[in-house]
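Asks:
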Amino acid sequence: MEKLPTHIAFIMDGNRRWAKRRGLNKMLGHKKGAEVLANIIKELSRISKIKYASFFAFSTENWNREQKEIDAIFQLVEDMFDKYEQEFSRLDIKFVIMGDISRFPKSMQEKLIKVQENSKNNSGLTVLLALNYGGRDDIVQAVNKLANSGLTEITEEDIKKNLLSFPAPDVDFLIRTSGEERISNFMLFHLAYSELYFPKYCWPAFNKKRLYKALKIYSKRNRRFGGN
Ligand code: FPP
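Residue numbers (numbering that gives the first Met the number 0): 0 to 227.
1) State yes or no: is the C-beta of Arg222 nearer than 7 Å to some heavy atom of ligand 1?
2) I need the boundaries of the beta strand (DSSP E) containing Val170, first residue and last residue.
3) Please report the Cβ distance between Ser183 and Arg16, rounded to the nearest whole angstrom; I am assuming they are in contact, meaning their Cβ atoms lie under 8 Å.
4) Which same chain residues, not among the five before or five after Leu187, have their C-beta less than 6 Å away from its C-beta?
5) When you compare only the Cα positions, how much space is there between Lys199 and Ile39?
6) Could you pull the DSSP bridge partners for Ala8 from this structure?
7) For the stretch 13 to 29 against the stretch 41 to 59, are there 3 or more C-beta pairs whose distance is under 8 Å?
8) For Asn131, which three-state DSSP category applies?
9) Taking only three categories from DSSP, how would you classify Lys160?
10) Suppose you measure from the CA of Pro203 to the CA of Tyr132; what does that come to, to the nearest Å?
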């Protein structure tokens, strides 16, 4: 494939529906979803043209779920790093957490900070994990930083430089699983000219084969960025 995205992003939707359709507890949907996430991160790290991968793991709206489910998701985040941190590191993957982690359990916060610190000099794939993240909030906090900096005119470049994802470039390709066709307050600033793909299957059913099919679809898209 000649054309590959430099920055790919995922809204990992449909964990509960996947479980429900199989008569399974919804937590098993999240568990399988976490396994798929780890496998996809590993696979993406082997595709050298892809430099950044963003994943929406927990939105600011997800706090409305029942505490048991929230706790289970948090545990899965910790478990993923306990199980795979060394392997991720061998693959030269760098992790950046986007979002306000201060509301998360202490042990999870510590783990996330440690994972970022341990991987900060890695030079392969950068994984941006959005946790308690909101796209509008990302822009608002960037603008607030700039408002306090004394600048009289604020440019797009200034805003970009103050987003949580900096220095990641715009998202080239967004995949949202489960058939929902929405952005849901994900990386609004970066998605301005992204190619969008909304496959019907749920996130736990995503796999290597489907990743390559999606990349093939992207490679055939004709990106014009508003021009001819
Ligand atoms: C969307 O499915 C998924 C989430 C809100 C959480 C994403 C969590 C994971 C992929 C697993 C754990 C995360 C990490 C980072 C290891 P949904 O629950 O909204 O499902 P539904 O749309 O079918 O209700």
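Just so it is clear, CB atoms sit at the ideal spot from N, CA and C, and this is done for glycine as well.
Replies: According to the structure data:
1) no
2) First-last for Val170: undefined, no H or E at that position.
3) With 8 Å as the limit, Ser183 and Arg16 do not qualify as a contact, their Cβ atoms being about 15 Å apart.
4) Gly134
5) 18 Å
6) Ser53 and Leu173
7) no
8) strand
9) helix
10) 21 Å
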